[in-house]
Amino acid sequence: MRNAVLSSFVLALFLGAPLANANIESIENLQGIRALQQQAPQLLSSGLPNEQQFSLLKQAGVDVVINLMPDSSKDAHPDEGKLVTQAGMDYVYIPVDWQNPKVEDVEAFFAAMDQHKGKDVLVHCLANYRASAFAYLYQLKQGQNPNMAQTMTPWNDELAIYPKWQALLTEVSAKYGH
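Residues -22 to -1, 1 to 156 in mature numbering (1 follows the signal peptide of the UniProt record, and there is no 0) are what the sequence shown lists, from first letter to last.
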């Protein structure tokens, strides 16, 4: 009897272990999301999901959606916060002006990531430019050594034509890089 109880406990512990440190799973069901990238086991970045894709994100294990796209964008969902929370996820809104990104925007993102530490997060903007840049900087801040070209794949070679984004990446990397 004691062995059966112990075996049941060990089995429950083994089967429950993946839930204790859940990571985003089933991203193959998310491939329709624009410019989707898995940046880390608990971090996705992407372009703007459509309204139906928020429930797919929840099913894949996403707990938090961080939106970096200003509501004033013509493509923004006017009710994105409601769509996300109705799908069962937390919603964080950090509007980042494409023409004038600021260190404060990145720091607000860092704070949101720290507040949701241990949760599975999607950070998005319109085309995964802002989101992938912020994911890159967050990984630097965490002491990781991300490959910039891989993390910021949506940019291709276009970073050179956006000096304000180059300056932001340089400044934040110098401040938080290890």
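Cβ coordinates follow ideal geometry from the N, Cα and C atoms, glycine included.
Which word fits ALA90, buried or exposed, when buried means at least 16 other C-beta atoms lie within 10 angstroms of its C-beta?
-> buried
Distance, VAL81 Cα to LYS142 Cα | Each residue's CA atom was taken as its position, placing LYS142 and VAL81 some 11 Å apart.
Sequence-distant residues of the same chain with beta carbon closer than 7 Å to MET126, five excluded per side = TYR114
To the nearest angstrom, how far is it from the Cα of GLN144 to the Cα of ASP135?
-> 12 Å
Pick from ASP92, TYR107, LYS119 and HIS55 that is closest to ILE139, judged by C-alpha positions | Nearest neighbour of ILE139 by Cα position, chosen from ASP92, TYR107, LYS119 and HIS55, turns out to be TYR107.
ASP41 and ASP68 look like a contact to me (Cβ under 8 Å); what is the Cβ gap, rounded to whole Å?
-> 6 Å
Is GLY25 helix, strand or coil when you go by DSSP?
-> strand
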